[in-house]
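Engineer: Have a look at the structure that comes next, please.
2 protein chains.
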Amino acid sequence: MANIKDVAERAGVSVATVSRVLNGNSPVAETRERVLAAVRELGYRPNSVARALRTARTGALGLVISDLTNPFFTELADAVEDAARGLGYSLVIGNAGERPAQQDDYIRTLLDRRIDGLLVSSAGTGSAMLREVVASGTPLVLLDRAVPGIDAPCVRADGRTALTDLAAHLAALGRRRPAIIVAPAGTPTGDERLELFRDALAGHGIALPDERVGATPDLQPSGGRRMMSDFLDLPEPPDAVLATDNLMALGAMDELRARGLRVPDDMALVVYDDVPWFAHTDPPLTAIAQPTRDLGRAAVRTLLERIEGRPAASVLLPARLVPRRSCGEAPAR
Amino acid sequence: MANIKDVAERAGVSVATVSRVLNGNSPVAETRERVLAAVRELGYRPNSVARALRTARTGALGLVISDLTNPFFTELADAVEDAARGLGYSLVIGNAGERPAQQDDYIRTLLDRRIDGLLVSSAGTGSAMLREVVASGTPLVLLDRAVPGIDAPCVRADGRTALTDLAAHLAALGRRRPAIIVAPAGTPTGDERLELFRDALAGHGIALPDERVGATPDLQPSGGRRMMSDFLDLPEPPDAVLATDNLMALGAMDELRARGLRVPDDMALVVYDDVPWFAHTDPPLTAIAQPTRDLGRAAVRTLLERIEGRPAASVLLPARLVPRRSCGEAPAR
DNA sequence: GAGGGCTACGAAATCGATTACACGGGTGAT
DNA sequence: ATCACCCGTGTAATCGATTTCGTAGCCCTC
């Protein structure tokens, strides 16, 4: 592949001139044409590795995502990728698969690669490597999941309004014994959703006792299914279940179907994360929609602020309730 | 961040020695300990940009995927990412979103970044930039979709056996009027699936007339829905439909539901790509499962062969029929 | 017409690693 | 005892760009 020296020789100028023409920094001479012609003829494309070394900017962002195969994170990654490209950045992606060790591995190699900035939707609360990121001065933005003790802006959705609306929705439909399936205790996201939901229900005089709070070890269908099964085995089973992750909701539906129970007649079901699929289930599931693409965009924008040296604050975008038919009664629309 | 010179000074040796200790190339001296101590104390990590410039190897692979939000490709990307990491490579990802122009854009920047090898599941048949990749000498492996005129190994699934089995399955269940929903004509994947299906059906004396072949402009639910609608409006509607992409199947299901038709009683439905979700639909959909993760692994392995200068052949892995309940009768299991 | 200020450009330093080459000193063979 | 060789190490070239600094030539002004 042709390099800048080849171009310089062909155009009969120095490499400095070639570089200047290409970066539009200073000159505007008639050499310009000769240089551009040489570039064209040789099919020259600057080596961005060399450029990165010299300028200390790689033009790449790192994204470490907790689980790429979870549709919510897929869409998030897609939005991030889109935004990054729009701003001229490439994206180096790492899938932690919810394993903190792997996440740390990735962060390390991304730092070695001198990415210009890092986005992390952290698996677990493992913050050892994240602390190093902060120490290294690499711009960092947390995505979807805040990490205690890490001083970096966090971009995520706020479920308060949506959960308040959901409580009202359930109360209006006469559901008195709600339940919730959450991530393991200690997960900031899970804890928060539980707390907000409980508060919102309290506003309608509805309790959410611990027996109707099911924590799964992982965010997988199997966990959701087991929790639903436990709920159904209670002396007084719930009449509505909120699954705080889309995969867990899938499992919960399986269990209902396996027992021959129908949604919404026998059980109301609500899912956190409005992935397109849920509009195609039978019945379409009432969902809490996080503004996924907006989150991705906002995260990249925030990261760029940091990269360019400006201060950047955390971003909290409202999630909203999307009523469909899984709690009874058609949505107003 | 500390660099190799800092380490050298602290250890009282030359940078060459530091490099050699770290890369295990030649020495085994007692300086070794001093160097390692200095590395530890300074928290030194080699700058891979500099290393890449010098060695002409970036340790990164590029993946241009046709549509990241399509679950089939999500899983494929995930498998590729996994395999790449396992072999010590990072993955720079680009989502073409089925837009050839964007695909070319990505390929260009990936080449500029001097990735060690490139995986492309090509959107459309746009091969201009792919031709350049081949010309540049960058190892290239095509994924899932072959591109005519591009001399590079292609890793994909072979649907022949699965479609033969499907034809038998449908024939055994008494379905005589099958239909197929495919990608636009001219798409190698779509054309091939149509042809194989038609051949397989012919083996059972079943015809697949053009009126029961629906081509959608895009691989989206909306297209699948429209095609299903067209089929249902035929004077003699089909009694079984094969959707050759999972998203199109979703749309097809929507249309059936909207018309109050039931699967499998009123219509048998089969989906290409066995994404986990289809096991959770009601009824669970009979599917043609591509060995997605194996494809990803094989693709990376093939790419590495090329990177290491060995010749590499195309790989064709068999897809298989996963009978569930959407064509009638419970699967044997 | 001399000095000052631009402009356009080249020479060379630089980024941070790897590596070819040179060299000093120890070891083993003869 | 001498020579060849090897081992461990340092010096310096190198990868391909960007950027600082210097300079030649030009125009302008007084």
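Here the protein sequences line up with chains A and B, keeping their order. Take the first sequence: its position 193, counted from the start at 1, is 206 in my numbering, and no numbers get skipped. Take the second sequence: its position 113, counted from the start at 1, is 126 in my numbering, and no numbers get skipped. Quick reminder that beta carbons are idealized off the backbone N, C-alpha and C, glycines included.
Straight-line CA distance for A/G227 to A/I193?
Structural biologist: By 1-based counting over the first sequence, the position of residue 227 of chain A is 214. By 1-based counting over the first sequence, the position of residue 193 of chain A is 180. Going from the Cα of A/G227 to the Cα of A/I193 covers about 6 Å.
Engineer: Between A/M142, A/T305, A/T44, A/A92, which has its C-alpha nearest A/I120's C-alpha?
Structural biologist: Translated into the one-based positions of the first sequence, residue 120 of chain A becomes position 107. The residue with the shortest Cα to Cα distance from A/I120 is A/M142.
Engineer: Assuming A/T71 and B/V62 make a contact with CB atoms under 8 Å, what is their CB distance in whole Å?
Structural biologist: Here residue 71 of chain A corresponds to residue number 58 of the first sequence, with the count starting at 1. Here residue 62 of chain B corresponds to residue number 49 of the second sequence, with the count starting at 1. Confirmed, about 7 Å.
Engineer: B/L124 versus chain A: which residues are under 9 Å apart at the beta carbon?
Structural biologist: Along the second sequence, one-based indexing puts residue 124 of chain B at 111. In chain order: M14, R58.
Engineer: Using a Cβ-Cβ distance cut-off of 8 Å, determine whether A/H182 contacts chain B.
Structural biologist: Sequence index remark: in the first sequence, residue 182 of chain A carries index 169 (1-based). A/H182 does not count as touching chain B.
Engineer: Residues in its own chain within less than 7 Å of A/A10 by CB, not counting five upstream and five downstream?
Structural biologist: Outside the shown range of chain A (14 to 346) lies residue 10 of chain A, about which nothing can therefore be said.
Engineer: Here's the rule I'm using: 16 or more other beta-carbon atoms within 10 Å means buried, otherwise exposed. How should B/N36 be labelled?
Structural biologist: Indexing the second sequence from 1 puts residue 36 of chain B at position 23. It counts as exposed.
Engineer: Determine the DSSP secondary structure at B/I106, reduced to helix, strand or coil.
Structural biologist: As a position in the second sequence, residue 106 of chain B is number 93, starting the count at 1. Reduced to three states, the DSSP call for B/I106 is strand.
Engineer: Got a sec: is the Cβ-Cβ distance from B/A312 to anything in chain A below 8 Å?
Structural biologist: Locating residue 312 of chain B in the second sequence gives position 299, counting from the first residue. Not an interface residue.
Engineer: Buried or exposed: A/T87, going by 16 or more other Cβ atoms within 10 Å of its Cβ?
Structural biologist: Reading the first sequence from its first residue, position 74 is the one you call residue 87 of chain A. So A/T87 ends up on the buried side.
Engineer: Where does the unbroken alpha helix (DSSP H) through B/R45 begin, and where does it stop?
Structural biologist: Here the question's residue 45 of chain B lines up with position 32 in the second sequence. Run containing B/R45: 44-55, per the alpha helix (DSSP H) assignment.
Engineer: So which of A/L153, A/E46, A/V146 has the shortest CA-CA distance to A/E321?
Structural biologist: For the purposes of this step, residue 321 of chain A is identified with residue 308 of the first sequence, where counting begins at 1. Closest by alpha carbon: A/L153.
Engineer: What distance in whole Å lies between the Cβ atoms of A/R173 and A/L8, which are believed to be in contact at a cut-off of 8 Å?
Structural biologist: Residue 8 of chain A lies beyond the range of chain A shown here (14 to 346); nothing can be said about it.
Engineer: What residues from the segment 275-293 of chain B come within 7 Å of chain A, judged by C-beta to C-beta, listed N to C?
Structural biologist: So the close ones are W290, H293.
Engineer: Closest to A/D292 by C-alpha separation, out of B/R58, B/L263, B/L74, B/E46, would be which residue?
Structural biologist: Here residue 292 of chain A refers to the residue found at position 279 when the first sequence is read from its first residue. Strictly speaking, residue 292 of chain A in this sequence is Ala, with Asp absent from that position. When each option's Cα is compared against that of A/A292, the closest is B/L263.
Engineer: A/R127 touches chain B at which residues, Cβ-Cβ below 8 Å?
Structural biologist: Taking the first sequence and counting its residues from 1, one reaches residue 127 of chain A at position 114. Simply N60, S61, V62.
Engineer: Exposed or buried, what is B/G203 when buried is set at 16 or more other beta-carbons lying within 10 Å of its beta-carbon?
Structural biologist: Here residue 203 of chain B refers to the residue found at position 190 when the second sequence is read from its first residue. By the 10 Å Cβ count, B/G203 comes out buried.
Engineer: Exposed or buried, which one is B/L131 when buried takes at least 16 other CB atoms within 10 Å?
Structural biologist: As a first step, residue 131 of chain B must be located in the second sequence, where it is residue number 118. Looking at its Cβ environment, which holds 16 or more other Cβ atoms inside 10 Å, B/L131 is buried.
Engineer: For A/V26, collect the residues of the same chain with a Cβ closer than 8 Å to its Cβ; drop the 5 residues on either side in sequence, then sort them by chain order.
Structural biologist: Counting from 1 along the first sequence, the entry for residue 26 of chain A is found at position 13. Hits under 8 Å: T44, R47, V48.
Engineer: Report the rounded CA-to-CA distance for A/I301 versus B/R319, giving the unit in angstroms.
Structural biologist: Stepping through the first sequence from its first residue, residue 301 of chain A is reached at position 288. Stepping through the second sequence from its first residue, residue 319 of chain B is reached at position 306. The straight-line gap from Cα to Cα measures roughly 47 Å.
Engineer: Give me the chain A residues within the contact set of B/T82, using Cβ-Cβ distance strictly less than 7 Å, ordered along the chain.
Structural biologist: Along the second sequence, one-based indexing puts residue 82 of chain B at 69. Ordered by position in chain A, the residues that pass the 7 Å Cβ test against B/T82 are T87, E88, D91.
Engineer: What does DSSP give as the partner residue(s) for A/A192 in the beta ladder?
Structural biologist: As a working note, residue 192 of chain A is residue 179 in the first sequence. Its beta-bridge partners are A/V254.
Engineer: Which residues bound the beta strand (DSSP E) around B/I301?
Structural biologist: Start at 1 with the first residue of the second sequence, and residue 301 of chain B comes out as number 288. Here the beta strand (DSSP E) through B/I301 covers 299-302.
Engineer: Quick test of the definition: if touching needs 3 or more C-beta pairs under 8 Å, does the segment 328-345 of chain B touch the segment 171-187 of chain B?
Structural biologist: Counting Cβ pairs under 8 Å, three or more are found: they touch.
Engineer: Below 8 Å, how does it come out for the segment 84-99 of chain A and the segment 278-298 of chain A: are there three or more Cβ pairs, yes or no?
Structural biologist: With the cut-off at 8 Å, the segment 84-99 of chain A and the segment 278-298 of chain A touch.
Engineer: Which class does A/V168 belong to by DSSP, given the choice of helix, strand or coil?
Structural biologist: Position 155 of the first sequence holds residue 168 of chain A. If DSSP states are grouped into helix, strand and coil, A/V168 belongs with the strands.
Engineer: Quick one: list the residues of chain B neighbouring A/E94, beta-carbon separation under 9 Å, in chain order.
Structural biologist: Taking the first sequence and counting its residues from 1, one reaches residue 94 of chain A at position 81. What A/E94 touches in chain B: L81, I106, G107, N108.
Engineer: Of all the CB atoms in chain A, is at least one closer than 8 Å to the CB of B/A65?
Structural biologist: Position 52 of the second sequence holds residue 65 of chain B. At least one chain A Cβ lies under 8 Å of B/A65.
Engineer: Can you find the residues in the same chain that come closer than 6 Å, C-beta to C-beta, to A/A24, ignoring five residues on each side of it along the sequence?
Structural biologist: Position 11 of the first sequence holds residue 24 of chain A. So the qualifying residues of the chain are R47, V48, A51.
Engineer: For the segment 204-232 of chain B, which residues have a CB atom closer than 8 Å to at least one CB atom of chain A, in sequence order?
Structural biologist: Residues: none.
Engineer: Taking the alpha carbon of B/R112 as the point to measure from, which residue in B/R33, B/V77, B/L124 has its own alpha carbon closest?
Structural biologist: By one-based count along the second sequence, residue 112 of chain B stands at place 99. Among B/R33, B/V77, B/L124, the Cα nearest to that of B/R112 belongs to B/V77.
Engineer: Spatial neighbours of B/D164 within its chain, please: C-beta separation below 8 Å, excluding the five flanking residues on both sides.
Structural biologist: Taking the first residue of the second sequence as position 1, residue 164 of chain B is located at position 151. These residues qualify, in order along the chain: V147.
Engineer: Whether or not the segment 274-285 of chain B and the segment 246-256 of chain A are in contact is what I'm after, with contact meaning three or more pairs of Cβ atoms, one per stretch, closer than 8 Å; do they touch?
Structural biologist: The segment 246-256 of chain A is not in contact with the segment 274-285 of chain B.
Engineer: Note down, in chain order, every chain A residue with its Cβ under 9 Å from the Cβ of B/S135.
Structural biologist: Locating residue 135 of chain B in the second sequence gives position 122, where the first residue counts as 1. Residues of chain A passing the Cβ test: none, with the nearest at roughly 18 Å.
Engineer: Give every residue of the same chain whose Cβ lies closer than 7 Å to the Cβ of A/T122, excluding the five residues on either side of it in the sequence, and list them in chain order.
Structural biologist: To locate residue 122 of chain A, count along the first sequence from 1; it is residue 109. Cβ within range, chain order: n/a, list empty.
Engineer: For chain A, is any of its Cβ atoms less than 8 Å away from the one on B/R338?
Structural biologist: Counting from one through the second sequence, the residue named residue 338 of chain B turns up at place 325. For B/R338, the answer is no, since every Cβ of chain A falls outside 8 Å of its Cβ.
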